[in-house]
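Contents: one structure, followed by commentary.
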Amino acid sequence: MLSEAQEKIIIEEIEQSSVKSRELKDDLIDHFCCLVEIEMNKGKTFQSALQSAYKQTAPNGLNEIQNETLFLLNYNKIMLMKRLTYASGYLFTLALIVGIFFKLMHLPGATVLMFGGGSGFAFIFIPLLLINKFKRSAPKVMSEKLKWILGATSLIMFMLASWMKLQHLMGAAFMLGLSFLVFGFGFLPFLFFRMYKKSVEEV
């Protein structure tokens with residue numbers, strides 16, 4: 019049996035962790051107490067048994083358990099979000115391609131299809147993709163976030179510039195140049211910096 023002092027240590031460990039859910043904390047406290055007691059019955063000291071319980075339950079930290087729990091609780095919402103994201107991406111891309119084909123063949127409806135497809139791709143699909151990306155991986159590294167944000171921004175600007183160019187609107191060349199500038203001096207440096215950091219970590 020665990021002493022009150024030992025139980026208090028386990029409770030404090032869980033309470034001070036990054037786990038937010040009250041129910042999950044209570045479950046973890048019960049689970050850790052049981053595991054530690056089992057390990058101590060095998061002849062281990064309390065500290066050794068506690069370390070063993072951590073390795074068995076959360077080798078990558080208690081935050082991983084919380085993330086997995088949240089994923090399971092929100093699985094249906096996550097899958098709906100993914101379906102909505104990629105279905106919208108397909109439909110808007112298809113509309114854009116058909117619009118370009120209509121434009122080349124001088125068929126009616128080309129402008130509406132191109133505008134709807136391009137606008138939807140730039141202002142609906144890309145933001146949904148970014149939200150999905152950040153929710154899935156929740157990147158904490160600022161350079162990783164900036165890489166995706168700048169990449170998406172340059173793509174949106176390029177789509178807008180292409181539309182303006184096709185419609186012979188003023189400012190198309192400026193917008194196109196700005197999109198290349200953001201891509202070349204914003205997205206690419208962060209992309210190669212993250213690739214370099216990853217390669218160094220793998221050494």
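Residues 19 to 221 in the numbering used here are what the sequence shown spells out, letter by letter. C-beta: ideal position from N, C-alpha, C; glycine also.
Residue of the options minimising C-alpha distance to residue i
i: Y104; options: A76, G138, P126; result: G138
i: G117; options: Y72, L209, F133, G202; result: F133
i: K151; options: W166, L102, W181, I142; result: W166
i: F210; options: A190, G61, F176, G169; result: G169
i: L164; options: R212, K183, T111; result: R212
i: I144; options: S106, L125, S161; result: S106
i: F205; options: Q185, I174, E219, L178; result: I174
i: I142; options: L102, L80, M160; result: L102
i: L147; options: K100, A190, A71, E31; result: K100
i: F110; options: M123, A140, L125; result: A140
i: E33; options: K60, L80, E57; result: L80
i: L194; options: K215, T171, A23, K216; result: T171
i: E86; options: K216, E219, L42, G189; result: L42
Own chain, CB closer than 6 Å to residue i, minus 5 neighbours either side, in chain order
i: K121; result: A128
i: L68; result: V54
i: A113; result: L131, G134, G135
i: F176; result: S197
i: F203; result: none
i: P157; result: Note that P157 has pLDDT 49, beneath the 50 cutoff, so the model's placement of it is unreliable and the number below is only indicative. Counting only Cβ-Cβ distances below 6 Å, and skipping sequence neighbours, we find K163.
i: K38; result: none
i: W181; result: G136
i: I96; result: none
Nonlocal neighbours in the same chain, by C-beta distance under 7 Å from residue i, ignoring five residues either side
i: L20; result: C51, V54, E55
i: S35; result: L80
i: K60; result: none
Limits of the unbroken alpha helix (DSSP H) element including residue i
i: P207; result: 206 to 220
i: K43; result: 40 to 59
Simplified DSSP assignment, three categories, for residue i
i: M188; result: coil
i: M123; result: coil
i: P157; result: Reliability of the predicted coordinates at P157 is poor, the pLDDT of 49 falling under 50, and no value is obtained from them.
i: E22; result: helix
i: P77; result: coil
i: T129; result: helix
i: S106; result: helix
i: T111; result: helix
i: V200; result: helix
i: V37; result: coil
i: K95; result: helix
i: T171; result: helix
i: K163; result: helix
i: K100; result: helix
i: K62; result: coil
Beta carbon proximity, residue i to chain D, threshold 9 Å
i: G204; result: Absent here is chain D; the protein component of the structure consists of one chain.
Contacts around residue i, its chain only, beta-carbon distance under 8 Å, and the 5 residues preceding and following it disregarded
i: E290; result: Any question about residue 290 goes unanswered here, given that the chain covers just 19 to 221.
i: T75; result: L46, H49, F50, L53, I83
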